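Read through the structure below, which is laid out as C-alpha cells, and then see the notes.
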Amino acid sequence: TNTVKKFDPSSLIGTWYKTDGLNPNYDLFDCQSNKFSFSSPGESDKSELDMNIFFRIAQPAAAGGGYWENSLTEHMVVDAAGADNDRTMHTEGKMYGLTFDENWYIVGESDGGKGIPQFKLVAYKGHTLQGNYEGAFVYSKEPVLPAAAIPAVQEAALKAGLDFKKFTRIDNTCPTDRAPLNDVGAGTGTSTTDWVDLIVGEGGVIDWVVPGWRGEYKSK
Numbered sequence: 011t012n013t014v015k016k017f018d019p020s021s022l023i024g025t026w027y028k029t030d031g032l033n034p035n036y037d038l039f040d041c042q043s044n045k046f047s048f049s050s051p052g053e054s055d056k057s058e059l060d061m062n063i064f065f066r067i068a069q070p071a072a073a074g075g076g077y078w079e080n081s082l083t084e085h086m087v088v089d090a091a092g093a094d095n096d097r098t099m100h101t102e103g104k105m106y107g108l109t110f111d112e113n114w115y116i117v118g119e120s121d122g123g124k125g126i127p128q129f130k131l132v133a134y135k136g137h138t139l140q141g142n143y144e145g146a147f148v149y150s151k152e153p154v155l156p157a158a159a160i161p162a163v164q165e166a167a168l169k170a171g172l173d174f175k176k177f178t179r180i181d182n183t184c185p186t187d188r189a190p191l192n193d194v195g196a197g198t199g200t201s202t203t204d205w206v207d208l209i210v211g212e213g214g215v216i217d218w219v220v221p222g223w224r225g226e227y228k229s230k
C-alpha cells in the first residue's frame, strides 16, 4: 500500500467530512462527519486518537422516508513511522459479540498548500471472525470535495491502485426539514422492529461498524 510517509496525526485533529466513498455497503451513509482529538490531554502524546462519528441512515421513501441519526466513538492507535505493516493507524473493538479490527492507510493528503484544498484519502482493510472487508473514502474540510482537490485525489488514488471514478459522492446536505426518527421530539416513534432492522438489516449500523459479519467477505 502506497501510504503517506511521516504522517502527522496532528493534521487529523478537528472535524472532517466524508465526501466520497468506494464501498457501497459501508462508506456511503448520508451526512457523515468525523471529529478527531488526541486521547491524552495536551498534544505531547500523539500515538492515540479518539474519533467521534456522526452519520444518518435514511429510511426508504416507500416506508415513510425520514432518517435515523447516529453518533459513535472509536479509538484509533497510530502506528510508528516505518512500521513493517505500512499501515497508518488501526482500531479494534467488539459489537454484538463480534470482535473486529481495522487497519487504515492514509494514501494521499493535502495540507491546503499549493492551491490544493485540504483532504485525506484513506484506504482501509478490516477483519472479523466472519471474514475480511475493505474500502476507501475521502475526507475533506468541506461537505463536498472541492473541485480544486479532485486532480490531486485522483492522482493519489491511482498511485494506491484505486480508481477515483468508482467512488460515489456522499450526500452531506443534511436537511433539517424534519426531525430524526429516533428523536423523541419527532412524534413518529421507533418500533422495536424498526430498530432491529436499523441495526442488523442490510446496510444497517452493524454492517458499518462490523463489516463482513454475515460472512460476505469470507476468504476463498
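When we follow the numbering used here, the leftmost residue of the sequence shown carries the number 11, and every step to the right adds one. Just so it is clear, CB atoms sit at the ideal spot from N, CA and C, and this is done for glycine as well. Quantities reported herein were computed from a predicted structural model and do not represent experimental measurements.
Where does residue 139 land, buried or exposed, given buried means 16+ other C-beta within 10 angstroms?
-> As a first step, residue 139 is located in the sequence shown; it is residue number 129 there, counting from the start. The residue in question, residue 139, is exposed, as its Cβ has fewer than 16 Cβ neighbours within 10 Å.
Just the C-alpha distance for residue 173 and residue 74, rounded to the nearest angstrom, thanks.
-> Position 163 of the sequence shown, counted from the first residue, corresponds to residue 173. Position 64 of the sequence shown, counted from the first residue, corresponds to residue 74. Approximately 36 Å, taken between the alpha carbons.
Taking residue 27 and residue 150 to be in contact with their CB atoms under 8 Å, please state how far apart those CB atoms are, rounded to whole angstroms.
-> As a first step, residue 27 must be located in the sequence shown, where it is residue number 17. As a first step, residue 150 must be located in the sequence shown, where it is residue number 140. At roughly 5 Å, the Cβ-Cβ gap stays under 8 Å, so residue 27 and residue 150 are in contact.
What is the C-beta distance between residue 127 and residue 159, in whole angstroms, given that I count them as a contact (C-beta under 8 Å)?
-> Sequence index remark: in the sequence shown, residue 127 carries index 117 (1-based). Sequence index remark: in the sequence shown, residue 159 carries index 149 (1-based). Confirmed, Cβ separation roughly 4 Å.
From residue 141 to residue 102, what does the alpha carbon distance come to, in whole angstroms?
-> Position 131 of the sequence shown, counted from the first residue, corresponds to residue 141. Position 92 of the sequence shown, counted from the first residue, corresponds to residue 102. If I take the Cα positions, the gap works out to 15 Å.
Which whole-angstrom value is the C-beta distance of residue 112 and residue 85, which I expect to be below 8 Å?
-> Working through the sequence shown from its first residue, we reach residue 112 at position 102. Working through the sequence shown from its first residue, we reach residue 85 at position 75. Not a contact, Cβ separation roughly 11 Å.
Where the beta strand (DSSP E) through residue 14 begins and ends = Mapped onto the sequence shown, residue 14 falls at position 4. Taken as a continuous stretch (DSSP letters only), residue 14 belongs to no beta strand (DSSP E), as it is neither H nor E.
Would you decide whether residue 228 is buried or exposed? Buried here means 16 or more other CB atoms lie within 10 Å of its CB.
-> Within the sequence shown, residue 228 is the residue found at index 218, counting from 1. With a pLDDT of 48 at residue 228, under the threshold of 50, the predicted position of this residue should be treated as unreliable, and no value is reported.
On the three-state DSSP scale, how would you describe residue 47?
-> The sequence position of residue 47 within the sequence shown is 37, counting from 1. If DSSP states are grouped into helix, strand and coil, residue 47 belongs with the strands.
4-residue-minimum alpha helix (DSSP H) runs that sit fully inside the segment 146–197, ordered along the chain | Qualifying alpha helix (DSSP H) stretches, in chain order: 160–169.
Per-residue burial, residue 95 [other beta carbons within 10 Å of its own, 16 or more giving buried] | Locating residue 95 in the sequence shown gives position 85, counting from the first residue. Exposed, since its Cβ has fewer than 16 Cβ neighbours within 10 Å.
Below 6 Å CB to CB, which residues in the same chain sit around residue 82 once its five sequence neighbours on both sides are set aside?
-> Looking up residue 82 in the sequence shown gives position 72. Excluding residues within five positions, the ones whose Cβ falls inside 6 Å are 63.
Straight-line CA distance for residue 44 to residue 23?
-> Looking up residue 44 in the sequence shown gives position 34. Looking up residue 23 in the sequence shown gives position 13. Taking the straight line joining both Cα atoms gives about 10 Å.
Which residues share a DSSP beta bridge with residue 66?
-> In the sequence shown, the residue the question calls residue 66 occupies position 56. Paired residue(s): 40 and 79.
What residue range is occupied by the uninterrupted beta strand (DSSP E) comprising residue 30?
-> Here residue 30 is taken as the residue at index 20 of the sequence shown, counted from 1. Here the beta strand (DSSP E) through residue 30 covers 24–31.
List the DSSP bridge partners of residue 9.
-> With the chain represented from 11 up to 230, any question about residue 9 goes unanswered, as that position is not in the structure.
Alpha carbon to alpha carbon, what distance is there between residue 178 and residue 70?
-> Residue 70 sits at position 60 when you count from the first residue of the sequence shown. Residue 178 sits at position 168 when you count from the first residue of the sequence shown. Taken atom to atom, the span from the alpha-carbon of residue 70 to that of residue 178 is near 19 Å.
In angstroms, rounded to a whole number, what distance separates the CA positions of residue 125 and residue 157?
-> Position 115 of the sequence shown holds residue 125. Position 147 of the sequence shown holds residue 157. Distance between the alpha carbons of residue 125 and residue 157 is about 11 Å.
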